[in-house]
Amino acid sequence: MFFDEEFETLPRPALEALQLKRLQNVLERVNANVPFYRTSFAKAGFSPSDLKCLDDLQGLPFTTKQDMRDSYPYDLFAAPMEDIVRIHASSGTTGKPTVVGYTRKDISTWTDLMARSFVAAGAHKGDIIHNAYGYGLFTGGLGAHYGAERLGASVIPISGGNTKRQIMIMQDFGSTVLTCTPSYSLFMAEEAKAEGVDFKGLKLRVGIFGAEPWSEAMRDEIEQKLNLSAIDIYGLSEIMGPGVAIECIEAKKGLHIWEDHFIPEIIDPVTGQRLPEGELGELVITTITKQGIPLIRYRTRDITSLTYEPCICGRTHARIARMSGRSDDMLIIRGVNVFPSQIEAILVGIEGIEPHYMLIIDRQGTLDTLTVQVEVSEQLFSDEIKVLQALSRRVEKEIKDMLGVTCTAKLVEPKTIQRSEGKAKRVTDNRKL
Amino acid sequence: MKVEQISIFIENKSGRLAEITRILGDAGINIRALSLADTTDFGILRLIVNDGNLAKTVLKEKGFTVNMTEVVAVEVPDTPGGLSSILQVLDRQRINVEYMYAFVERCAGNAVIIFRFDETDKAISVLKSENFNILEGERLYSM
Numbered sequence: 001m002f003f004d005e006e007f008e009t010l011p012r013p014a015l016e017a018l019q020l021k022r023l024q025n026v027l028e029r030v031n032a033n034v035p036f037y038r039t040s041f042a043k044a045g046f047s048p049s050d051l052k053c054l055d056d057l058q059g060l061p062f063t064t065k066q067d068m069r070d071s072y073p074y075d076l077f078a079a080p081m082e083d084i085v086r087i088h089a090s091s092g093t094t095g096k097p098t099v100v101g102y103t104r105k106d107i108s109t110w111t112d113l114m115a116r117s118f119v120a121a122g123a124h125k126g127d128i129i130h131n132a133y134g135y136g137l138f139t140g141g142l143g144a145h146y147g148a149e150r151l152g153a154s155v156i157p158i159s160g161g162n163t164k165r166q167i168m169i170m171q172d173f174g175s176t177v178l179t180c181t182p183s184y185s186l187f188m189a190e191e192a193k194a195e196g197v198d199f200k201g202l203k204l205r206v207g208i209f210g211a212e213p214w215s216e217a218m219r220d221e222i223e224q225k226l227n228l229s230a231i232d233i234y235g236l237s238e239i240m241g242p243g244v245a246i247e248c249i250e251a252k253k254g255l256h257i258w259e260d261h262f263i264p265e266i267i268d269p270v271t272g273q274r275l276p277e278g279e280l281g282e283l284v285i286t287t288i289t290k291q292g293i294p295l296i297r298y299r300t301r302d303i304t305s306l307t308y309e310p311c312i313c314g315r316t317h318a319r320i321a322r323m324s325g326r327s328d329d330m331l332i333i334r335g336v337n338v339f340p341s342q343i344e345a346i347l348v349g350i351e352g353i354e355p356h357y358m359l360i361i362d363r364q365g366t367l368d369t370l371t372v373q374v375e376v377s378e379q380l381f382s383d384e385i386k387v388l389q390a391l392s393r394r395v396e397k398e399i400k401d402m403l404g405v406t407c408t409a410k411l412v413e414p415k416t417i418q419r420s421e422g423k424a425k426r427v428t429d430n431r432k433l
Numbered sequence: 434m435k436v437e438q439i440s441i442f443i444e445n446k447s448g449r450l451a452e453i454t455r456i457l458g459d460a461g462i463n464i465r466a467l468s469l470a471d472t473t474d475f476g477i478l479r480l481i482v483n484d485g486n487l488a489k490t491v492l493k494e495k496g497f498t499v500n501m502t503e504v505v506a507v508e509v510p511d512t513p514g515g516l517s518s519i520l521q522v523l524d525r526q527r528i529n530v531e532y533m534y535a536f537v538e539r540c541a542g543n544a545v546i547i548f549r550f551d552e553t554d555k556a557i558s559v560l561k562s563e564n565f566n567i568l569e570g571e572r573l574y575s576m
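Those protein sequences? They're chains D and W, same order as listed. Taken in order, the first sequence gives residues 1 to 433; the numbers are from the working numbering. Taken in order, the second sequence gives residues 434 to 576; the numbers are from the working numbering.
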């Protein structure tokens with residue numbers, strides 16, 4: 001089944017011709033409207049009219065998350081503010097988020113691609129889509145919501161949290177499709193079990209899971225515990241939001257990236273050189289139809305590989321492999337992006353705390369847990385338990401307030417955390433994904 | 434009128450208490466009184482020793498977090514109601530006890546209660562006016 005059969009199955013020569021035309025167009029637009037690109041192209045001695053074929057893209061400079069931070073909030077926008085109808089943001093490393101803007105056409109494109117993604121995952125008109133992605137600045141909730149409506153399905157905009165109620169609604173409303181993070185789906189399964197609810201008695205048929213890394217083993221577990229077909233979806237707010245790439249239910253082998261809107265490349269994260277098909281490296285994406293904030297060669301920091309092999313589903317769009325890691329130190333904890341440097345910045349801001357810390361990530365049952373170990377300095381130390389406990393709670397609260405992630409602060413003896421000698425080990429990730 | 438107490442932060446790891454007492458023993462320091470407060474993650478060991486400054490120095494050398502706190506030692510007869518008589522007075526004057534611990538003197542047979550108050554000076558004057566016997570640090574260290 002297709003949502004947009006013509007474009008989803010476009011023969012490669014036609015698809016690549018379309019990409020080239022759109023790429024040339026977006027390069028002209030950013031060169032004319034975004035000072036950042038005008039400067040970076042000029043520095044590279046590049047003029048948009050120089051690009052004659054898709055391979056010429058390799059010669060262009062990258063765009064990084066840092067460039068987005070430096071352009072906070074609107075400096076990378078290529079459309080005037082009066083044409084921007086939606087603003088989303090994702091967490092940033094310094095407390096400042098990464099901001100993206102959408103024109104009316106961008107929202108429409110995103111909605112279409114998300115509807116395409118739903119169909120690829122096996123959803124259709126008539127489905128009752130239980131959307132447990134968070135609604136708000138995060139793109140997950142609204143992105144999936146619009147796509148589901150475009151599809152003609154019935155959307156339940158339940159957002160995250162209040163798991164007991166989620167289970168009751170899935171039962172009573174007859175939800176057939178579930179969208180949430182993979183870890184939250186397993187948490188739901190546990191809660192349902194405790195409530196005496198058997199997923200085999202529910203109408204769920206398909207689960208569309210993303211926003212955090214997961215594995216084939218987790219897929220097996222989810223499919224078995226929730227009695228549905230689990231599909232991997234990929235997206236990031238910088239590029240669009242959810243629906244940049246998705247597995248097809250026919251093959252469940254790699255995620256089709258919608259190449260009529262995005263050009264994917266895989267590079268060596270150290271040298272920046274493009275890697276051949278099939279090799280593992282960092283995913284770089286160029287958006288070729290976006291108006292609000294088009295990005296040229298955006299470094300996603302996600303590690304994957306790319307294949308152009310034809311797929312049994314009939315789609316001609318390339319597939320990226322399941323994400324196998326990050327090329328930077330970003331952690332994804334319960335779907336929330338966290339950089340160790342953000343936690344460090346918060347700790348330094350708390351009077352008397354030294355920037356010696358250790359992050360321990362674990363998975364208890366199905367939910368990620370974050371423990372922040374902080375050394376007790378002489379300045380901090382009190383002979384009263386309540387003072388030390390108040391300190392732990394303050395660390396927990398500041399991290400929750402700033403980053404939106406729940407953690408446990410644990411005070412440890414001084415000098416027991418490894419000191420920074422160039423690159424200190426700040427993170428122990430015990431999750432088995 | 435005040436007694437110096439040393440407090441040591443201890444992670445909940447096996448052998449930490451043994452390590453501290455070994456360091457103190459090797460330095461020839463004698464422990465007069467102690468209390469251990471614990472939570473799930475950490476503990477605080479509070480000690481009164483014959484030489485607080487030396488104890489602090491040797492423990493810090495070994496990397497422990499140590500601080501000194503002023504506490505009050507009050508002597509009461511080791512008989513039923515002894516502790517209660519002090520607490521009644523403190524309660525009437527609205528003085529909070531942050532924590533306390535007690536031991537019994539070897540020779541005199543009196544009980545000694547170590548108090549940490551929120552308002553140490555006020556507590557001392559109240560207890561003195563009620564004729565409780567407050568022990569000098571020097572006496573306690575050499576007991």
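The beta carbon of each residue, even a glycine, is placed where N, CA and C say it ideally should be. Quick caveat, the model's predicted, so the values are computed rather than measured.
At least 8 Å separates the beta-carbon of Gly241(D) from that of Lys203(D). The C-alpha of Asp329(D) lies about 24 Å from the C-alpha of Tyr133(D).
For Lys105(D), the closest of Ala345(D), Gln364(D) and Thr289(D) by C-alpha to C-alpha distance is Thr289(D). Here Glu5(D) carries a helix assignment [DSSP, helix/strand/coil]. The contact set of Ser377(D) on chain W, defined by CB atoms closer than 8 Å, consists of Thr498 in chain order.
Take Asp83(D), set aside five residues on each side of it, and the residues of its chain with a beta-carbon closer than 7 Å to its own are Thr103, in chain order.
Separation of Pro48(D) and Ala153(D) (C-alpha to C-alpha, rounded to the nearest whole angstrom) is 42 Å. Closest in C-alpha terms to Ser305(D), from the list Arg326(D), His317(D), Leu283(D) and Thr111(D), comes Leu283(D). Measuring C-alpha to C-alpha distances from Phe497(W) to each of Thr416(D), Ile346(D) and Lys425(D) identifies Thr416(D) as the nearest. In terms of CA proximity to Leu113(D), Phe3(D) leads the group Met81(D), Phe3(D) and Pro13(D). Annotated three-state conformation of Ala211(D) is coil, per DSSP. Within the segment 454 to 487 of chain W, contact with chain D at the beta-carbon level (separation under 8 Å) is assigned to Ala470, Thr472, Asp474, Phe475, Ile477 and Arg479.
In the DSSP assignment, Gln364(D) falls within the beta strand (DSSP E) that extends over Tyr357 to Gln364. With 16 or more other Cβ atoms inside 10 Å of its own Cβ, Gly147(D) counts as buried.
Put simply, the CB of Glu384(D) is near chain W, with a gap under 8 Å to one of its CB atoms. Secondary-structure assignment with DSSP links Ser440(W) through a beta bridge to Arg479(W) and Asn500(W). Spanning the alpha carbons of Gln224(D) and Met501(W) requires a straight line of approximately 59 Å. For the segment 175 to 188 of chain D, the set of residues with a beta-carbon nearer than 7 Å to any beta-carbon of chain W is empty. Here DSSP, grouped into helix, strand and coil, assigns Glu569(W) to coil.
Straight through space, the alpha carbons of Phe442(W) and Thr64(D) are spaced by roughly 44 Å. Going by DSSP, Pro35(D) is part of the alpha helix (DSSP H) stretching over Pro35 to Lys43. Sorting Arg22(D), Ala79(D), Leu57(D) and Leu359(D) by C-alpha distance to the C-alpha of Ile293(D) places Ala79(D) at the top. Nearest to Leu151(D) by alpha-carbon distance, out of Val177(D), Ile158(D) and Gln166(D), is Val177(D). At a cut-off of 8 Å between beta carbons, Ser440(W) contacts chain D.
Counting along the chain, Ile285(D) sits inside the beta strand (DSSP E) bounded by residues Gly281 to Thr287. Asp401(D) carries a helical assignment under DSSP once its states are collapsed to helix, strand and coil.
Any Cβ of chain W closer than 8 Å to the Cβ of Gln389(D) would place that residue at the interface, and such an atom is present. Put simply, the CB of Thr502(W) is near chain D, with a gap under 8 Å to one of its CB atoms.
Using a Cβ distance threshold of 8 Å, Ser440(W) and Asp383(D) count as a contacting pair.
Taking the Cα positions, Arg274(D) is about 50 Å away from Ala194(D).
DSSP, reduced to helix, strand and coil, places Ile343(D) within a helical segment of the structure shown.
Within the segment 204 to 255 of chain D, the complete beta strand (DSSP E) segments of 3 residues or longer fall at 206 to 209, 229 to 236 and 241 to 247, listed in chain order. In the structure shown, Ile320(D) adopts extended strand secondary structure according to DSSP, grouped into three states.
The DSSP-derived three-state label of His124(D) is coil. Excluding five sequence positions before and after Leu516(W), the CB atoms of its chain that fall closer than 8 Å to its own CB belong to Val509, Ala535, Ala544 and Ile546, given in chain order. Contact with chain D is found for Glu531(W), since one of that chain's Cβ atoms lies less than 8 Å from the residue's Cβ.
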